[in-house]
Amino acid sequence: MKTILLSLSVLLMSLVPSATDSIYQFKVKDINGKTFDFASLKGKKIMIVNTASKCGLTPQYEQLEALYTKYKSKNFVIVGFPANDFMSQEPGSDKEIAQFCQLNYGVSFPMMSKISVKGKDMDPVYQFLTQKAKNGKEDSKVEWNFQKYLIDENGHLSKVISPRILPNDPSIIAWIEE
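Numbering-wise (our numbering), the sequence shown opens with residue 1 and increments by one.
Following this line, the structure appears as structure tokens:
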């Protein structure tokens, strides 16, 4: 009986992500080609959002920037990942995307290099965000551009927010302020 219980607990423990499985394990390239280490964000709440410049939801950049400006001094950061996965709505190069974001929306929050957020070439950050086996919270699918992933101060997935829910939604503000 002890052997069965021990085997069962070992099996269950292997299914639960380890304490080291967090957003902090990732290093990515930012939109300027420099290394961005998520470990540099320890202790902050993080909103990760996949973005696109030619989408009906693109005006969310304005609210994302306003949210970032208001809360960046309160241990909150937004990290944008341009992605061309939905109807080719982010066709530009990193340089073109950076220019678009700055010129049209004054984006000052960290923007990363363009990646894929779905399919067989899904970036490892998005594998973590969308797979319960990796994030310990839930499975999800990136529905469209501007889906938001809320990460707590310990680097763990807290909530997945639909693309159509605006960045200044009261539920998001409450999460940031809690």
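Every residue, glycine too, gets a C-beta built ideally from N, C-alpha and C. Computed from a predicted structure; not experimentally measured.
Open item on the list: Rounded to whole angstroms, what is the Cα-Cα separation between L64 and N168?
Closed with: Looking up residue 64 in the sequence shown gives position 64. Looking up residue 168 in the sequence shown gives position 168. Straight-line Cα distance between these residues: approximately 8 Å.
- [ ] Quick one: grab the DSSP three-state call for I161.
- [x] Here residue 161 is taken as the residue at index 161 of the sequence shown, counted from 1. For I161, the secondary structure class from DSSP, reduced to helix, strand or coil, is strand.
Open item on the list: Distance check for G119 and L157, CA to CA, integer angstroms please.
Closed with: Walking along the sequence shown from the start, residue 157 turns up at place 157. Walking along the sequence shown from the start, residue 119 turns up at place 119. L157 and G119: Cα-Cα distance of roughly 21 Å.
Task: CB of W175 within 9 Å of CB of K159, strictly - done: As a working note, residue 175 is residue 175 in the sequence shown. As a working note, residue 159 is residue 159 in the sequence shown. With respect to the 9 Å criterion, W175 and K159 are classified as neighbours on the basis of their beta carbons.
- [ ] Only counting runs of 4 or more residues, tell me where the alpha helix (DSSP H) segments fall wholly within the stretch 56 to 89, in order along the chain.
- [x] Segments of the alpha helix (DSSP H) lying fully in the stretch 56 to 89: 60 to 71.
- [ ] Note down, in chain order, each residue of its chain lying with its Cβ closer than 8 Å to the Cβ of Y61, except the 5 sequence neighbours on either side.
- [x] Here the question's residue 61 lines up with position 61 in the sequence shown. Excluding residues within five positions, the ones whose Cβ falls inside 8 Å are T51, C101, N104, Y105 and V107.
Open item on the list: My output table needs one value for I31: the three-state DSSP class, helix, strand or coil.
Closed with: Numbered from its first residue, the sequence shown carries residue 31 at position 31. Residue state for I31 is assigned as coil, using DSSP reduced to three classes.
Task: Counted within 10 angstroms of its Cβ, other Cβ atoms place Q147 as buried (16 or more) or exposed - done: To locate residue 147, count along the sequence shown from 1; it is residue 147. Under this definition Q147 is a buried residue.
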